[in-house]
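Read through the structure below, which is laid out as structure tokens, and then see the notes.
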Amino acid sequence: MNPLLNPVFLLQAIRGYLTDVNRVWRISYDQLEQYRDRQFRRMVRYAYDVPVYRRKYRAAGIYPADIRGIKDIKKLPTVSKNDFRKNFPQGIVHPYFDTTHAHLVSTSGSTGQPVS
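If you're matching positions, the sequence shown starts at 16 in the numbering used here and goes up one per residue.
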């Protein structure tokens, strides 16, 4: 039997993960920086597949391979509320996101025009 499918093993793994709140303090600063940079690169790659971000990145000449870590955040172009308004709805959603389970949420529009 696959040990990952064993409920006892799985519960122990989940419990250990959730209850070990001090795990972040046991890694070195370098390991923490590597983890942060890896997750940032992962987020940029994911965002690049979203049409509104892809257009902004390409217009700025930025590709996911250009981003090495959090220090490269300055290279990324900003995205405004108007960008989201213009590209709503399909342009702001990742192509693989299942929109059948999505909920539409709007801002109050305190600046004059609400964002959905």
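Just so you know, even glycine gets a beta-carbon here, dropped at the ideal spot from N, CA and C.
Buried/exposed call for residue i, threshold 16 Cβ in 10 Å
i	result
Pro96	It should be noted that the sequence gives Lys, not Pro, for residue 96. By the neighbour-count rule (16 or more Cβ atoms within 10 Å), Lys96 is not buried but exposed.
Ile82	buried
Tyr50	exposed
Tyr72	buried
Pair within 8 Å by beta-carbon distance, residue i and residue j
i	j	result
Arg69	Tyr63	yes
Val67	Phe99	yes
Ile29	Val65	no
Ile77	Lys90	yes
Pro92	Ala75	yes
Tyr44	His109	no
The ligand NAP heavy atom lying under 7 Å from the CB of residue i
i	result
Leu47	Questions concerning the ligand NAP fall outside what the structure shown contains, since it holds no ligand whatsoever.
Continuous alpha helix (DSSP H) assignments of at least 4 residues falling wholly in the segment 56-130: 66-74, 96-102
The segment 108-128 contacting the segment 73-88, beta-carbon criterion three pairs below 8 Å: no
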